[in-house]
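**Student:**
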Amino acid sequence: MKVTVIGTGYVGLVTAVGLAKIGHTVIGYDVDPRKAALLQRGEVPIYEPGLAELMQECRQEGRLLFTDEAELAYREPELVFIAVGTPPKADGSADLTYIEQVCRDIGRYMDHDAVVVTKSTVPVGTNDHIQGLLQAYARGGTAFTVVSNPEFLREGTGVHDFFNGDRIVIGTSCDRAAGLLEELYAPLGLPLFHTDIRSAEMIKYASNAFLAAKISFINEISNICEKVDADIESVAFGMGLDRRIGPQFLKAGIGYGGSCFPKDTKALVQIAGHVQHDFQLLKAVIEVNNKQQASLVKKAKEVLELKGKRAALLGLAFKPNTDDMREAPSLAIAEQLLEAGADVIAYDPEAAENARRVLPEQVQYASSLQEALQGADVAFIVTEWAEIVELPLSQYAELMREPLVFDGRNCYSLEEAGRHDLYYCSIGRRTVAGHTMSI
Ligand code: UDX
Numbered sequence: 001m002k003v004t005v006i007g008t009g010y011v012g013l014v015t016a017v018g019l020a021k022i023g024h025t026v027i028g029y030d031v032d033p034r035k036a037a038l039l040q041r042g043e044v045p046i047y048e049p050g051l052a053e054l055m056q057e058c059r060q061e062g063r064l065l066f067t068d069e070a071e072l073a074y075r076e077p078e079l080v081f082i083a084v085g086t087p088p089k090a091d092g093s094a095d096l097t098y099i100e101q102v103c104r105d106i107g108r109y110m111d112h113d114a115v116v117v118t119k120s121t122v123p124v125g126t127n128d129h130i131q132g133l134l135q136a137y138a139r140g141g142t143a144f145t146v147v148s149n150p151e152f153l154r155e156g157t158g159v160h161d162f163f164n165g166d167r168i169v170i171g172t173s174c175d176r177a178a179g180l181l182e183e184l185y186a187p188l189g190l191p192l193f194h195t196d197i198r199s200a201e202m203i204k205y206a207s208n209a210f211l212a213a214k215i216s217f218i219n220e221i222s223n224i225c226e227k228v229d230a231d232i233e234s235v236a237f238g239m240g241l242d243r244r245i246g247p248q249f250l251k252a253g254i255g256y257g258g259s260c261f262p263k264d265t266k267a268l269v270q271i272a273g274h275v276q277h278d279f280q281l282l283k284a285v286i287e288v289n290n291k292q293q294a295s296l297v298k299k300a301k302e303v304l305e306l307k308g309k310r311a312a313l314l315g316l317a318f319k320p321n322t323d324d325m326r327e328a329p330s331l332a333i334a335e336q337l338l339e340a341g342a343d344v345i346a347y348d349p350e351a352a353e354n355a356r357r358v359l360p361e362q363v364q365y366a367s368s369l370q371e372a373l374q375g376a377d378v379a380f381i382v383t384e385w386a387e388i389v390e391l392p393l394s395q396y397a398e399l400m401r402e403p404l405v406f407d408g409r410n411c412y413s414l415e416e417a418g419r420h421d422l423y424y425c426s427i428g429r430r431t432v433a434g435h436t437m438s439i
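Everything in the sequence shown is counted per our numbering, starting at 1 for the first residue and increasing by one.
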């Protein structure tokens, strides 16, 4: 099938490459000429394991090209995927400017019927609005059918998720459009769920809100565990054995970040508000997450004066295997540390370049974990990169001036921490203090 994907951000790019891999002829369109040219040269502007190789393979087989030329992008496709950004506005609602621009372009450039598939996460009712816009902009009797096909890819495992998703949601009341999408996705052999357009839109928000709620719930339990001397790792494991609960998204830490959960939870509160529903539970999920991001530095302040101290910040991306800094807990943590008067030395294997753009300029960068830890008075583990999880704890004791370790991702077992002479404070577990530690 001939497919055009509008927007080559994270979702658009993985979708374009994935669809090309399963045999379709795909054009990735981006308004940014530099980005389109970069992709056309075979370079991947984001860090996503496996994507560059797959992209290369599809390009060599001639099934994938990138362009910033609208005429070319809209000339032939049977299916147009909208994967442009819907960034949050100041009030938390989604900004639909880019989507509306795409509708105008479709009307302007397309002279044949097509199915328009919305991948971007949009508030309930938006696809009906898109349908209306397309009808208004369509020229000379062309007809467009809109389908909501929400995306559930996780960053860092996007390629794997594309081929192994739990379900593909197809929201439309048009049988012909639904059939076309069934055909498109058939090579993946994944479960398809057909529903109406508004329910499909809601599935995306409800799924992300539920997962965010699971994280805030376990984080709250971890805060109580610390006070009643229970161990969050055992508690989460024991809970997860119940198949009704399941073991996933029960990892306590310093809160969720990224491009989806913070944005979509706030947007859903807004969506509910518009129909006079006060979504109290979700508001609490968001508030708990904000508090959780601040909890690590708060714990450190209880045991040491941060002013003038050298603080190593280990991991900056919002989670491992991505260079994405959007809503990363490291943003809040770096700011708190600087505010408290500490010198911050940060390290991340992939996100440092992006971090330089968003972290305060006083933050310094190390080129290795060891360099960040050398002479540090306190270390904060923020992202559980394999490299960080695998770093022997002995190195903290050897390299740091004072081995005070605040682990926001529970990277080490307490038994392991007990074997070293350091102060080790993690999430939802008892604190371990070595025999020579003064605090
Ligand atoms: C998420 C959804 O999983 C995906 O389906 C959707 O399409 C986009 O949003 P993503 O943001 O890439 O994907 O990452 P995910 O792996 O879900 O993690 C989100 C955040 O939650 C990260 O900050 C992670 O550290 C945190 N998290 C996740 C926890 O703190 N504990 C957990 O148990 C799981």
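Even glycine gets a Cβ: it sits at the ideal position worked out from N, Cα and C.
Nothing here was measured: the structure is a model prediction, and the numbers come from that model.
Suppose the cutoff is 6 Å on Cβ atoms and the five residues either side in sequence are ignored; what does the same chain contact list for Q131 look like?
**Tutor:** Hits under 6 Å: V146.
**Student:** Which complete beta strand (DSSP E) runs does the stretch 298-378 hold, if anything under 3 residues is left out?
**Tutor:** Within the stretch 298-378, the complete beta strand (DSSP E) runs of at least 3 residues are 310-314, 343-347.
**Student:** In the structure shown, what three-state DSSP assignment does D175 receive?
**Tutor:** Correct three-state label for D175: helix.
**Student:** Got a sec, what are the start and stop residues for the alpha helix (DSSP H) I440 sits in?
**Tutor:** A query on residue 440 cannot be resolved here, the shown segment of the chain reaching from 1 to 439 and no further.
**Student:** Does DSSP classify C425 as helix, strand or coil?
**Tutor:** Note: C425 maps to strand in three-state DSSP.
**Student:** Could you tell me the distance, in whole angstroms, from the CA atom of I381 to the CA atom of I82?
**Tutor:** Their backbone Cα atoms lie some 37 Å apart in a straight line.
**Student:** Using alpha carbons as the reference points, say which of G418, S93, L304, V124 lies closest to D196.
**Tutor:** Selected option, being the one with the closest Cα: V124.
**Student:** Going by Cα to Cα distance, which pick from T4, L19, I221 is closest to V102?
**Tutor:** Taking only the C-alpha atoms, the option nearest V102 is T4.
**Student:** My output table needs one value for S148: the three-state DSSP class, helix, strand or coil.
**Tutor:** Looking at S148 - three-state DSSP - the assignment turns out to be strand.
**Student:** Please classify L281: is it buried, with 16 or more other beta-carbons within 10 angstroms of its beta-carbon, or exposed?
**Tutor:** So L281 ends up on the exposed side.
**Student:** From K266 to A379, what does the alpha carbon distance come to, in whole angstroms?
**Tutor:** So the alpha carbons of these two residues sit roughly 31 Å apart.
**Student:** Label I308 either buried or exposed according to how many other C-beta atoms from any shown protein chain fall within 10 Å of its C-beta, with 16 as the threshold for buried.
**Tutor:** First, the amino acid is wrong: residue 308 is Gly here, not Ile. The residue is exposed, with fewer than 16 neighbouring Cβ atoms inside 10 Å.
**Student:** Skipping 5 residues on each side, what residues in its chain have a beta carbon closer than 8 Å to that of S173?
**Tutor:** For S173, where only same-chain residues beyond five positions count, the Cβ hits under 8 Å are D196, I197.
**Student:** Going by DSSP, name the residue or residues bridged to F406.
**Tutor:** Answer is F380, C425, bridged to F406.
**Student:** Give the C-beta separation of G273 and G408 to the nearest angstrom, bearing in mind that I take them to be a contact with Cβ-Cβ under 8 Å.
**Tutor:** Going by Cβ atoms, the distance from G273 to G408 rounds to 32 Å, so no, they are not a contact pair.
**Student:** Can you find at least 3 beta carbon pairs, one from the stretch 39-54 and one from the stretch 181-188, that sit closer than 8 Å?
**Tutor:** No: the two stretches stay apart, fewer than three of their Cβ pairs being nearer than 8 Å.
**Student:** Could you give the distance in angstroms between the alpha-carbon of V303 and the alpha-carbon of D348?
**Tutor:** Each residue's alpha carbon lies about 26 Å from the other.
**Student:** Does the separation of the CB atoms of L54 and V159 fall below 9 Å?
**Tutor:** Yes; because the gap between Cβ atoms is below 9 Å, this pair is in contact.
**Student:** Rounded to whole angstroms, what's the CA-CA distance from G315 to C425? Just pull it up for me.
**Tutor:** Computed Cα separation, rounded: 17 Å.
**Student:** I'd like the list of long-range same chain contacts for L79, defined as Cβ closer than 7 Å, with 5 residues on each side in sequence excluded.
**Tutor:** Result list for L79: M1, V3, A114, V115, V117, L180, L184, in chain order.
**Student:** For A340 and N354, I'd like the C-alpha separation in whole angstroms.
**Tutor:** The straight-line gap from Cα to Cα measures roughly 24 Å.
**Student:** Just to confirm, does G253 get its C-beta within under 8 Å of one of the non-hydrogen atoms of the ligand UDX?
**Tutor:** Yes.
**Student:** With respect to 8 Å, is the separation between the Cβ of N208 and the closest non-hydrogen atom of the ligand UDX below this value?
**Tutor:** True, at least one ligand heavy atom lies under 8 Å from that Cβ.
**Student:** Given a cut-off of 9 Å on the beta-carbon distance, is the pair R108 and A70 in contact?
**Tutor:** Yes, the Cβ-Cβ distance between R108 and A70 is below 9 Å.
**Student:** Is DSSP giving A397 helix, strand or coil here?
**Tutor:** Of the three classes helix, strand and coil, the one that applies to A397 here is helix, per DSSP.
**Student:** Got a sec: does the ligand UDX put a non-hydrogen atom nearer than 8 Å to the Cβ of I381?
**Tutor:** For the ligand UDX, not one heavy atom lies less than 8 Å from the Cβ of I381.
**Student:** On the criterion of 16 or more Cβ atoms from any shown chain inside 10 Å, does V228 qualify as buried, or is it exposed?
**Tutor:** Exposed, by the Cβ-count rule.
**Student:** Rounded to the nearest angstrom, how far is the Cβ of Y365 from that of A346, given a contact under 8 Å?
**Tutor:** Correct: roughly 6 Å between the Cβ atoms.
**Student:** Thinking C-beta only, is L393 closer than 9 Å to H420?
**Tutor:** Yes; because the gap between Cβ atoms is below 9 Å, this pair is in contact.
**Student:** Could you pull the DSSP bridge partners for L134 from this structure?
**Tutor:** Paired residue(s): none; L134 is not in a bridge.
**Student:** If you check the beta carbons only, do E201 and V122 fall under 9 Å apart?
**Tutor:** In this structure, V122 lies closer than 9 Å to E201 by Cβ.
**Student:** Measure the Cβ-Cβ separation of K319 and E384 and say whether it is below 9 Å.
**Tutor:** Taking 9 Å as the Cβ cut-off, K319 and E384 qualify as a contacting pair.
**Student:** First and last residue of the beta strand (DSSP E) that includes H194?
**Tutor:** Per DSSP, H194 belongs to the beta strand (DSSP E) from 192-195.
**Student:** DSSP on F66, reduced to helix/strand/coil?
**Tutor:** Three-state DSSP puts F66 in a strand.
**Student:** Indicate the three-state DSSP secondary structure (helix, strand or coil) for K89 in the structure shown.
**Tutor:** Of the three classes helix, strand and coil, the one that applies to K89 here is coil, per DSSP.
**Student:** Nearer than 8 Å: is that true of the beta carbon of K2 relative to any heavy atom of the ligand UDX?
**Tutor:** K2 Cβ: outside cutoff for every heavy atom of the ligand UDX.
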